[in-house]
Each structure stands twice: as C-alpha cells, then as structure tokens.
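In the UniProt record's numbering, the protein residues as written are 1 to 352.
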C-alpha cells in the first residue's frame, strides 16, 4: 500500500497511457508503426509559410558569403537545415564519426544549445533566469522550423530545468518521466518515432551519467576543462543511446566519444558567431564578408577533425544488436537505477 501511495502519480499516468495506447493502436503494432511514419511525413509540412520564407531568406544570405561544406554546416548549426545530406562524402564522414547529430535538428542538438544559453545566465537557477533563458531557447526552436523533434526536445528540457529548480536530487528524472507519459498519452504514435526515442534516451542518459563521468575525469586530471565537459557529455549520452542506434542502424561508431569531445565546442561558438554574421548580412556586405571568415574557423576545424578520424578503417563497426540483448540492456539499467536509489533516500517506496 505504501508503494502505491508513494508512486500514485506514475501509476495513474501509466494506466492512462495504456488505455490511450490500446484505444489508438489496439493490438496491431505494425499498423501503428506505419501510421507513425505517415504522421512524421505529414508533420514536415506544418511549418508556417511565413517562417519557411524567412528561413529561405536566411539561407540565401549565408550562401552569398560562404562556400560548401561550410555553408551546409552553418545552416545545420543555426537553422536545422539538412543540406549536408546532399554532400554524400561529408555526410558519410559525419555518420562514421557519430557527429551527424551536430548538423541536424535532434534532441541532443537542442539540449546543447539550451545548455549554452543557460550558461550565459550563470550556474544558479532562479525563476527570473529560467524565463528569459527558456524564451531564448524557444526562439531558436522557432528558427529551426518548429519541427516536431525540436519542439519535443525543448519541452523535455523545460521539464528538466523545472526539476533542477526544485533543487532535489532526482527531481529532473521524475519530471522527465512524467513528460514522457504526458506526451505519449497525448499522442501514442510518438512511441514509434525514432527521433522521440533518441531525444528521450539522450536527455535521460545525460542526466543520469554525465555527472559521474565528469567526476571521474576531474579526479584523474585534477580540474574541470572544456574537453572534460564535452567528453563527459558525449559519454553520458552514449550509455543509453548506443544500443538503440545499433539496433536500428546496425552500426556503432567506436571513435564517436573522442571526436565529439574535440568538436562539440564548435557548436556554441559557431552558432553565436553565425547569428551575428547572419544579422550583418542584412546590414553591411563588407562586415559580412569579414565576419564570414571568423565563422569559418570553427567550421574548418570541425571538418578537418571529422575527416581525419573518418579516414580510419575501423572508425565504425557494423554491429546490430539483437532484440533479446536490446531489451535486456535497458531492463538491467532500469533495475540498477531503481535499486541503487532505494537505499539512498528517506522514502524507499518511491521508484524514482
């Protein structure tokens, strides 16, 4: 009885989700997967026409001053354009090194940008800082086209920040789980969306494991650096993400943590400099040309590092984990997380 009372909210939400899922999908999971794909394609057309026109204007102005592949990279950083896909050589290098998430809109990309915005407001979380920070991050989500993955990632980050505002250990994880249940109750087909799965897994993994990696590396090197922070972020995200990527795509990048740690700093730098450059393209052509070279520097570094590591013959391995391993892996981590926390708090009946 104590267990039920301690976890009543999760139980109610889970029952509501189960009822909603069966009413929408029934027992035909294959049919629901097909509907989810159609739903994804339909949502690509939901971006308002005025916003599409504005984004195309931004892309044209950037294209006047930058050449490929730097133009495609910056458009991915700033606006979520996936034009890098048309450059098959560079696209393959990004996939091989596990850095494709940097130049396309994903939960990980949105989380990085939101994290950088919050760093501008200081480490201490207060309501008067959260509101403008979330407003700025929402503007970024609007600029990348209000596509479903970006909106969902922003919503998840909002729940996480609210949890951190409480100042209680585990509050962010609980609110993230609540956001998952609420969003899937609203639309059960989200459960079959790969971008939604990756967004949730990456966010949860970052919250659970990045701090541990950061403490580990800080203990070895003695101080916190940008490299340690980026490496901890990458490794933390990979803990729960790599089985999903392997199961779906049949490929694992073994050099992804190293490459990401080396290039992730270019994301906030190029993004902020890129927005300044974009504004200048509407003001002065000389300043725009000058600033385009500044923006190109981190992009050049990114390309060279990715190209270097992608040249290794064993940069990625063709490994597809089976369904039994896939399920067992996540069951193990769920059980490990729950039981490791039972003895560390005053209310052992709560699962989170």
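Heads up, the beta-carbon is just placed ideally off N, CA and C, and yes, glycines get one too. Values in this document were obtained by computation on a predicted structure and should not be read as measured data.
Here's a check: name, in chain order, each residue in its chain whose Cβ is nearer than 8 Å to the Cβ of residue i, leaving out the five neighbours to either side.
i: residue 79; result: 55, 58, 59, 143, 144, 145
i: residue 278; result: 58, 61, 62, 78
i: residue 9; result: 178
i: residue 353; result: For residue 353 there is no data in the structure shown, the boundaries of the chain being 1 and 352.
i: residue 289; result: 65
i: residue 321; result: 243, 246, 247, 329
i: residue 280; result: 287, 288, 291
i: residue 285; result: none
Cutting at 7 Å between CB atoms, please list the residues of its own chain near residue i, excluding the five before and the five after it.
i: residue 179; result: 155, 156, 159
i: residue 72; result: 83, 84, 87
i: residue 41; result: With a pLDDT of 47 at residue 41, under the threshold of 50, the predicted position of this residue should be treated as unreliable, and no value is reported.
i: residue 253; result: 96, 97, 98, 315, 316
i: residue 68; result: 87
i: residue 275; result: 78
i: residue 295; result: 74, 270, 273, 274, 277
i: residue 151; result: 141
i: residue 339; result: none
i: residue 222; result: none
Please say whether residue j and residue i have beta carbons closer to each other than 9 Å?
i: residue 74; j: residue 237; result: no
i: residue 306; j: residue 90; result: yes
i: residue 65; j: residue 292; result: yes
i: residue 231; j: residue 217; result: yes
i: residue 248; j: residue 189; result: no
i: residue 17; j: residue 220; result: no
i: residue 215; j: residue 333; result: no
Figure out for me which residue from the options has the closest Cα to the Cα of residue i.
i: residue 310; options: 68, 77, 49, 93; result: 93
i: residue 21; options: 63, 138, 183; result: 183
i: residue 302; options: 330, 14, 9, 262; result: 262
i: residue 313; options: 220, 275, 255; result: 255
i: residue 268; options: 251, 252, 299; result: 299
i: residue 251; options: 295, 288, 318; result: 318
i: residue 211; options: 228, 222, 304; result: 228
i: residue 304; options: 70, 23, 49; result: 70
i: residue 51; options: 196, 290, 139, 131; result: 139
i: residue 330; options: 196, 126, 101, 205; result: 205
Pop quiz: residue i and residue j are said to be a contact at Cβ under 8 Å. What is the actual Cβ separation, rounded to whole angstroms?
i: residue 315; j: residue 53; result: Actually they do not touch by this definition, with Cβ atoms about 40 Å apart.
i: residue 208; j: residue 337; result: 7 Å
i: residue 13; j: residue 181; result: 4 Å
i: residue 191; j: residue 213; result: Not quite, the Cβ-Cβ distance comes to about 29 Å (not below 8 Å), so this is no contact.
Within the 9 Å Cβ cut-off, does residue i reach chain C?
i: residue 67; result: Here there is only one protein chain, and chain C is not present.
By Cβ distance, which residues of its chain are closer than 6 Å to residue i, with the 5 residues on each side in sequence left out?
i: residue 282; result: none
i: residue 257; result: 234, 235
i: residue 45; result: At residue 45, the pLDDT of 47 sits below 50, so the modelled position is not reliable and the matter cannot be decided from this model.
i: residue 19; result: none
Quick check: the stretch 322-334 against the stretch 236-254, are there 3 or more CB pairs under 8 Å?
-> They touch, by the three-pair rule.
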